[in-house]
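J.:
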Amino acid sequence: LFAMRRVNYVTRFGLDALFAPQDVMAGWETGLVAAPGVGARHDMLLAASTRAGFATARFAMNGDFEAALQRGLAAGVRPSNVANLNLAAYLTPTSGITFTVRDNFSRVDNAWLPTQLSLGDPIGGPRGYLGSQIAGGMRNVTRAELRRAVPAAIRGADAGAAAFFDLGQMWAGDVPYGSSTTAPTLGLSLLAAYPTRSKRVYRIDVAFPLRRASRRGIEIRFGNGDPSVINTIEPRDVTQLRVAPVPSSIFVWPERR
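Each number in our numbering corresponds to the 1-based position in the sequence shown with 6 added.
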């Protein structure tokens with residue numbers, strides 16, 4: 007096991023929540039796990055985790071990457087790997103306007119557990135395609151959102167509205183019955199936080215999928231919680247593929263919100 011970190015935190019407002027203060031990591035941390043098999047298991051597990059971020063008065067960006075590779079030591083055996091990359095960038099030209107771009111890339115190759123990445127995953131897939139049966143070995147989802155919010159707009163509650171665009175891309179890879187496709191979505195959101203500057207945000211998303219072949223019709227999502235935590239959750243179909251802990255769970259990176 008190996009880990010290094012060099013981090014600081016800066017406080018910013020209006021990033022994931024509407025007006026709540028949020029400590030943004032500025033710096034980097036990385037970890038590595040190397041584990042040879044014992045007994046009858048002639049294989050090697052390598053897992054890596056890296057996080058980095060920086061922030062200025064009007065701009066912030068952060069990302070995290072986790073990958074695990076399991077390889078049999080016998081000749082001719084293909085390695086199995088699972089990887090997930092999550093990036094987020096925030097631009098806040100004024101205190102009430104936030105432009106956010108997020109990207110999540112997931113890949114599974116030669117998985118030892120038979121599985122697929124799904125376009126309909128509630129966390130990893132684009133909005134508007136919940137329950138879609140389209141699946142593959144690589145998935146990339148880009149989300150862009152422009153938000154306008156007003157503090158203490160209604161009886162001490164912050165209120166906001168947003169327009170968003172999601173673009174999901176799927177590649178078949180080597181998984182059974184994999185497909186390659188794109189899945190764009192347009193949508194509108196209503197947001198509220200109570201009391202003012204609360205980290206808990208109540209949100210309604212109305213998504214209009216633009217790809218007829220795979221869409222499920224207009225989708226409405228309701229949610230509430232701390233988005234600075236929710237937005238960093240790894241897609242479920244990626245987490246269930248991991249056959250061993252990744253460095254971030256072993257070292258338990260300290261978090262500040």
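Just so it is clear, CB atoms sit at the ideal spot from N, CA and C, and this is done for glycine as well.
1. Once DSSP output is grouped into helix, strand and coil, what is the label at L24?
2. Decide if A169 is buried, meaning its Cβ has at least 16 other Cβ atoms within 10 Å, or exposed.
3. When you compare the CB of T100 with every CB in chain D, is at least one pair closer than 9 Å?
4. Using the three-state DSSP reduction, which class does T121 fall into: helix, strand or coil?
5. Ordered along the chain, which non-local residues of its own chain (more than five positions away) have a Cβ less than 6 Å from that of R57?
6. Express the C-alpha separation of R11 and Q122 in angstroms, rounding to a whole number.
7. Among all the DSSP beta bridges, which residues are the ones paired with Y135?
8. Based on the DSSP output, what are the partners of R113 in its beta bridges?
9. Looking at the secondary structure, which residues open and close the alpha helix (DSSP H) in which S186 lies?
10. Pull up the CB-CB distance for M50 and L79, whole angstroms please, since I reckon it's below 8 Å.
11. Quick one: grab the DSSP three-state call for D164.
12. With a 10 Å radius around its C-beta and 16 neighbouring C-beta atoms as the bar for buried, classify P215 as buried or exposed.
13. Since D49 is in the beta strand (DSSP E), which residue starts that stretch and which ends it?
14. For V244 and V88, which I take to be in contact (beta-carbon distance under 8 Å), what is that distance rounded to the nearest angstrom?
15. Buried or exposed: which applies to Q28, given that a residue is buried once 16 or more other Cβ atoms fall within 10 Å of its Cβ?
16. Decide if V114 is buried, meaning its Cβ has at least 16 other Cβ atoms within 10 Å, or exposed.
T.: In brief:
1. coil
2. exposed
3. Reference to chain D is not applicable here, since this structure consists of a single protein chain.
4. coil
5. E35, D70
6. 33 Å
7. In DSSP, Y135 forms no bridge with anything.
8. A89, M144
9. Neither: S186 is in no alpha helix (DSSP H) and is coded neither H nor E.
10. 7 Å
11. strand
12. buried
13. 49–61
14. 7 Å
15. buried
16. buried
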